[in-house]
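Quick note on numbering: full-length UniProt numbering labels position 49 of the sequence shown as 49, and the sequence is numbered without any gaps. The C-beta atom is built at its ideal place from N, Cα and C for all residues, glycine as well. Predicted model, so just to flag it, every value in this text is computed and none were measured. Down below is the structure, laid out as structure tokens.
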Amino acid sequence: MPTPSDMSMLSLVLNASIPVQFIMLLLIVISIASWTFIFAKRSTIKKALIQTRRFEDDFWSGGDLALLHQSISTRRAEQGALARIFDSGMTEFLKGRRAGAGAENTASLDGARRAMRAAFQREMDELESHLNFLASAGSVSPYIGLLGTVWGIMHAFVGLANVQQATLASVAPGIAEALIATAIGLFAAIPAVVAYNRYTHDIDRLSIRFETFVDEFLNILQRQVR
């Protein structure tokens, strides 16, 4: 336990008990992983928004959908989520038409609907990846920090058993080093919670745009099979 005259943050951490140090290390690892996912997800969502806006501009510009489909198919991996949803639906629709689904047969339209729903789910799964980790980090980290604090305080009071007279100066270092665990837990939790709420909101908005596009595109295809 550090002396009252040596109450620097580094000294408190280095002199904490082994279980508390382990908890601090675990929280630091969680925090680093959270920030890694936060920056990566921020870049992913920003890119998805730009690609979605670009594709919507191309789609509603009034150009030939066949040419748009051909352009996307040749560079599918570089396209955004909404472009890939369109490509899946258009590809399945054209396959159905070539197989003989005409005005009397809506198999091509049903195939396009299923293909776009499947593509939509794949894209949403990709966008939502790692969000569960942020949610878990935000909800669990404070409790992990609290566990370290409780353990540290217990350790500090057990250490006072051999002291003839307990004073605030003798208790303060042990309590201070224990509270650091809670502080680190909050440091890990708060950014994760804020990022999770923000990214969930952004992804929900993208989901609504994707679903709206699917419905509107199906209406366009439906007019072609009549």
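- What's the call for residue 217, buried or exposed, on a 16-neighbour Cβ count within 10 Å? buried
- Message: Do residue 192 and residue 137 have their beta-carbon atoms positioned less than 8 Å apart in this structure?
- Response: yes
- Message: Taking the beta carbon of residue 31 as the centre, do at least 16 other beta carbons fall within 10 Å, making it buried, or is it exposed?
- Response: buried
- Message: With a threshold of 7 Å on Cβ separation, who are the neighbours of residue 89 within its own chain once the five nearest residues in sequence on each side are excluded?
- Response: 112, 115, 116, 217
- Task: Would you decide whether residue 17 is buried or exposed? Buried here means 16 or more other CB atoms lie within 10 Å of its CB.
- Result: buried
- Out of 200, 36, 25, which has the shortest C-alpha to C-alpha gap to residue 124? 200
- Using a threshold of 8 Å, state whether the C-beta atoms of residue 59 and residue 68 are closer than that. yes
- Query: Between residue 213 and residue 41, what straight-line distance do the alpha-carbon atoms span, to the nearest angstrom?
  - Reply: 23 Å
- Task: Would you kindly work out how many angstroms separate the C-alpha atoms of residue 148 and residue 198, rounded to a whole number?
- Result: 29 Å
- Message: Assuming the contact rule is C-beta atoms closer than 8 Å, residue 108 and residue 93 should be a hit. Round their C-beta distance to whole Å, please.
- Response: 5 Å
- Query: From this set, 151, 110, 130, 145, which residue's C-alpha is nearest residue 219's C-alpha?
  - Reply: 110
- C-alpha distance - residue 50 paired with residue 127, whole-angstrom precision: 14 Å
- Task: Would you tell me roughly how many angstroms separate the C-alpha atoms of residue 81 and residue 186, rounded to the nearest one?
- Result: 35 Å
- Sequence-distant residues of the same chain with beta carbon closer than 8 Å to residue 85, five excluded per side: 116, 119, 120, 123, 210, 213, 214
- Message: I'd like the list of long-range same chain contacts for residue 131, defined as Cβ closer than 7 Å, with 5 residues on each side in sequence excluded.
- Response: 196, 199, 200
- Message: According to DSSP, simplified to helix, strand and coil, what is residue 99?
- Response: coil
- Closest residue to residue 176 among 73, 189, 157 (Cα-Cα distance): 157
- DSSP-derived helix/strand/coil call for residue 104: Confidence in residue 104 is poor, its pLDDT being 46 and thus under 50, which makes the residue's placement unreliable; the coordinate value appears in the next sentence. In the structure shown, residue 104 sits in coil (DSSP, three-state: anything other than H, G, I, E or B).
- Roughly how many angstroms lie between the CA atoms of residue 133 and residue 73, to the nearest whole one? 34 Å
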